[in-house]
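Beneath this line is the structure, given in structure tokens, with notes to follow.
Residue numbers (the working numbering), protein chains in the order written: chain A, 313 to 732; chain B, 43 to 211; chain C, 24 to 269.
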């Protein structure tokens, strides 16, 4: 049914057809009535959580093989970040994994701070933790809402987004923006929290556990949810480790690997929280682990607010952070620093650094190579969803399409991070 | 992290196994880095797996233009038990950008090596399915090389509409 | 049957083009542009009708032609605009804010647009929410082509309208390959901003578009253009050229 008569040598379709399904098609040859159908799901599909394209080889309704094709939202973020000074690259890098923007900024700023060897004041570290944990809760709420929507439990979407609006209100109060807030800066945070913000956060954390209980009540004992998630598409921990999977997926399989506890960064060692761990690594455990993480994040936020130290919210090193505005009127050096930082940006000593943090989806790391100038020479974000996506094929082999949809939902892929 | 001494011991062990594998060691910002010979990458990683670094967290590429050899590939290893991280780096020249693929030993490197091929043009020998992953299949050029232009569209203003140059014209 | 309609005639209004129509007060000109003679005929008939001189068949025909047709167009446009079916087409970050308009705070169901259709054949509004990479652009165009007329497109966010934060090799602005009706700025635009954009589109569909400020203040022709002879010598003028990679 092709209508295009003229074909060029580099025809896209021909290239696609070069993807060989031969190893899979041989699977069906020893049984009668075996006919494998290769189906294309996406990139525009309501259930693929973004523009993910899947080539699914089906035997009836059973998935025999799965090939994810990505790149439909590739934005060249890493290349653009090379063109901008470190300060200006933060908003670019933030837009990578668009549900975990504080984490993207944290990874990048952490890598830059490591290169600069600049110390982040404790108040800034606590504020970063509070915002990151709020972001973690928000990411899990979006995941819960959209996953329940995929399973058919539509009302969860509205409940979860209602809570998400409360968190976005908090972000708006502290930084002015709902998403992509540019709040985490190199050396600390952009500005101190406004008066009354801590109380508002406490109001939120006071009712969040109750809300999460309500969501659990709605879903966790529901027969349909249980049947769709319990025992569906498990993958052993050893397989997951071989595939480089981290985050709630690995924790659901029983491995309590969490960078906040293992190699704490940004004052996480000051807080007392548990790591929810599953036992079987099936979809149900992935679901339960993420919901349980919401409670733990609430605990962390409460502890951080209780212990929030006084002090500066960004480093005092004027070569890295902008001086406060009132100094510009009186101090010449402040004016010069301000000018240099805004026009050229701070120079970072040459070197290469890999800074990993725990994002809602797993190990998010930022690799920064500096060549001594004010612009990074290479920024690479090791995105957890990009690596976790490789686990989709082993997970869903031999399951039904409906299980594939549920597994994709439980995998929590964010295509912005996958494609960058 | 293996400290500087530990790093040197590790490098020495690797050199004992294969004299040409480790070209250099670097201890930077409390983390060890080994620069190895591209041909020896698989054996090096296997040896390190034996020492406990059993998780390959990231494989990414760097373009060192204008220094030669220009294209680099970095492997980030993690020892979950001892909470250690180690970076293994290699560099290949643009004229011969071939690196043995570690995907048969470390399945996590599959998509990541494809991305390095897509963005830098490093060819991984032995990779089961080396084709472009992020750019369209028929794209020409390797975008993240330093000499590849950033590209983009000129920003359109009302004056451009008046002159008939806006996108929709 | 002659009907006395003098009461409804605005003083001096019957001879003017279009105000003669009593029921809806629309301009008939929108679908009758063209033949002046035809127009004159209609004008005379309108005057006759208002004086009660048209009777029976003629009157009915007149009413049918004038009043019902235009009212029907308006009614259809009203129905279409109040029941848009957006296509579920989330690309990147803006998609999350688009999901927020479906959520409870900025409730798009108030306006009748909550039925997001997955199939483009059933949708009439394509909200391009997010950055369109070069790999995705042909897919977007294909989906837009699969939509049935009448269809509209909203470019949500800065990336789809004009490259946004990333002015680089990998993405393409929507205007380059498909017609876009409303551009909503923001990165990402607040749900309220997107709602504002959708409501602007609704007004456009009802053939009552919001004019920009230039048209509203009759300021066309006041755009700042440096005359050709001063192009190179004018100082402090931002020359909008060569901003690729900015």
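Heads up, the beta-carbon is just placed ideally off N, CA and C, and yes, glycines get one too.
Classification of residue i by the beta-carbon crowding that lies within 10 angstroms, buried from 16 upward
i: residue 202 of chain C; result: exposed
i: residue 329 of chain A; result: exposed
i: residue 99 of chain C; result: exposed
i: residue 516 of chain A; result: buried
i: residue 38 of chain C; result: Only weak support is given to the placement of residue 38 of chain C: the predicted model assigns it a pLDDT of 40, under 50, and the value that follows is read from those uncertain coordinates. So residue 38 of chain C counts as exposed.
i: residue 46 of chain C; result: Its pLDDT being 40, under 50, residue 46 of chain C is placed unreliably in this model, and the value from its coordinates should be taken loosely. That one is exposed.
i: residue 124 of chain B; result: exposed
i: residue 581 of chain A; result: exposed
i: residue 34 of chain C; result: Note on residue 34 of chain C: pLDDT 41, under 50, position unreliable in the model; no value is reported.
i: residue 83 of chain C; result: exposed
i: residue 236 of chain C; result: exposed
i: residue 536 of chain A; result: exposed
i: residue 54 of chain C; result: Confidence at residue 54 of chain C is low in this model, with a pLDDT of 48, below 50, so its placement is unreliable and the value that follows should be read with caution. It counts as exposed.
i: residue 631 of chain A; result: exposed
i: residue 352 of chain A; result: exposed
Spatially closest choice to residue i from the options, by CA coordinates
i: residue 228 of chain C; options: C:161, C:139 and C:96; result: C:96
i: residue 350 of chain A; options: A:357, A:373 and A:479; result: A:373
i: residue 590 of chain A; options: A:417, A:600 and A:626; result: A:600
i: residue 616 of chain A; options: A:701, A:435, A:413 and A:475; result: A:435
i: residue 456 of chain A; options: A:469, A:725, A:389 and A:440; result: A:469
i: residue 625 of chain A; options: A:366, A:432, A:563 and A:478; result: A:432
i: residue 475 of chain A; options: C:111, C:123 and C:174; result: C:123
i: residue 405 of chain A; options: A:711, A:707, A:680 and A:502; result: A:680
i: residue 221 of chain C; options: C:134, C:94, C:191 and C:183; result: C:134
i: residue 168 of chain C; options: C:180, C:191, C:119 and C:147; result: C:147
i: residue 149 of chain C; options: C:130, C:162, C:136 and C:176; result: C:176
i: residue 673 of chain A; options: A:612, A:562 and A:506; result: A:562
i: residue 154 of chain B; options: B:79, B:99 and B:62; result: B:99
i: residue 634 of chain A; options: A:528, A:610 and A:657; result: A:657
i: residue 143 of chain C; options: C:61, C:109, C:242 and C:187; result: C:109
i: residue 687 of chain A; options: A:379, A:391 and A:366; result: A:391
i: residue 710 of chain A; options: A:378, A:333 and A:558; result: A:378
i: residue 216 of chain C; options: C:107, C:61 and C:179; result: C:179
i: residue 612 of chain A; options: A:571, A:595, A:592 and A:584; result: A:584
i: residue 144 of chain B; options: B:71, B:135, B:63 and B:169; result: B:169
Range of the contiguous beta strand (DSSP E) that encloses residue i
i: residue 206 of chain C; result: 205 to 207
i: residue 367 of chain A; result: 365 to 371
i: residue 75 of chain B; result: 73 to 78
i: residue 117 of chain B; result: 113 to 121
i: residue 374 of chain A; result: 374 to 381
i: residue 181 of chain B; result: Note, residue 181 of chain B: premise wrong, no beta strand (DSSP E); not H, not E.
i: residue 69 of chain B; result: 64 to 70
i: residue 133 of chain B; result: 126 to 134
i: residue 681 of chain A; result: 674 to 682
i: residue 165 of chain B; result: 165 to 167
Opening and closing residue of the alpha helix (DSSP H) in which residue i lies
i: residue 470 of chain A; result: 467 to 487
i: residue 139 of chain B; result: Unbroken run through residue 139 of chain B: none, as it is neither H nor E.
i: residue 733 of chain A; result: Since the displayed chain A opens at 313 and closes at 732, residue 733 of chain A lies outside it and no answer follows.
i: residue 595 of chain A; result: 595 to 618
i: residue 578 of chain A; result: From DSSP, residue 578 of chain A is part of no alpha helix (DSSP H); its letter is neither H nor E.
i: residue 700 of chain A; result: 696 to 700
i: residue 729 of chain A; result: 727 to 731
i: residue 92 of chain B; result: 83 to 92
i: residue 517 of chain A; result: 509 to 531
i: residue 563 of chain A; result: 560 to 564
i: residue 719 of chain A; result: 713 to 723
Test: residue i CB closer than 8 Å to a CB of chain D
i: residue 411 of chain A; result: Although the question refers to chain D, the structure presented lacks it and instead comprises the protein chains A, B and C.
What residue ranges within the region 406 to 445 of chain A form continuous alpha helix (DSSP H) runs of no fewer than 4 residues, ordered along the chain? Runs of the alpha helix (DSSP H) lying entirely within the region 406 to 445 of chain A, each at least 4 residues long, are 413 to 428 in chain order.
Is it true that the region 149 to 166 of chain C meets the region 384 to 402 of chain A, where meeting means three or more beta-carbon pairs spaced less than 8 Å apart? Contact annotation: the region 149 to 166 of chain C touches the region 384 to 402 of chain A, with at least three C-beta pairs closer than 8 Å.
Hey, which unbroken runs of the alpha helix (DSSP H) at 4 residues or more fall wholly within the region 630 to 671 of chain A? Taking 4 residues as the shortest admissible run, the region 630 to 671 of chain A contains the following complete alpha helix (DSSP H) segments, listed from N- to C-terminal end: 637 to 640 and 644 to 655.
Report yes or no: do the region 347 to 367 of chain A and the region 719 to 730 of chain A share at least 3 C-beta pairs separated by less than 8 Å? When C-beta atoms of the region 347 to 367 of chain A are compared with those of the region 719 to 730 of chain A, three or more pairs fall below 8 Å, so the two segments count as touching.
State whether the region 48 to 61 of chain B contacts the region 101 to 111 of chain B, with contact taken as three or more CB pairs (one from each stretch) at a distance under 8 Å. Flag = no, the region 48 to 61 of chain B and the region 101 to 111 of chain B do not touch.
Residue ranges of each beta strand (DSSP E) within the region 133 to 207 of chain C, 3 or longer: Runs of the beta strand (DSSP E) lying entirely within the region 133 to 207 of chain C, each at least 3 residues long, are 148 to 152, 175 to 179 and 205 to 207 in chain order.
Just checking, does the region 541 to 555 of chain A make contact with the region 692 to 712 of chain A on the three C-beta pairs under 8 Å criterion? The region 541 to 555 of chain A, when compared against the region 692 to 712 of chain A, does touch it at the 8 Å Cβ threshold.
Three or more C-beta pairs under 8 Å: does that hold for the region 186 to 197 of chain B against the region 88 to 108 of chain B? Result yes; three or more Cβ-Cβ pairs closer than 8 Å.
Are the region 82 to 91 of chain B and the region 115 to 129 of chain B touching by the rule of at least three beta carbon pairs closer than 8 Å? The region 82 to 91 of chain B makes contact with the region 115 to 129 of chain B; the number of CB pairs closer than 8 Å reaches 3 or more.
Is the region 482 to 500 of chain A close to the region 205 to 215 of chain C, with three or more CB pairs under 8 Å? A contact is defined here as three or more CB-CB pairs under 8 Å, and the region 482 to 500 of chain A meets this definition with respect to the region 205 to 215 of chain C.
Do three or more CB pairs link the region 640 to 648 of chain A to the region 414 to 433 of chain A at distances below 8 Å? In short, these stretches do not touch, since the Cβ pair count stays below three.
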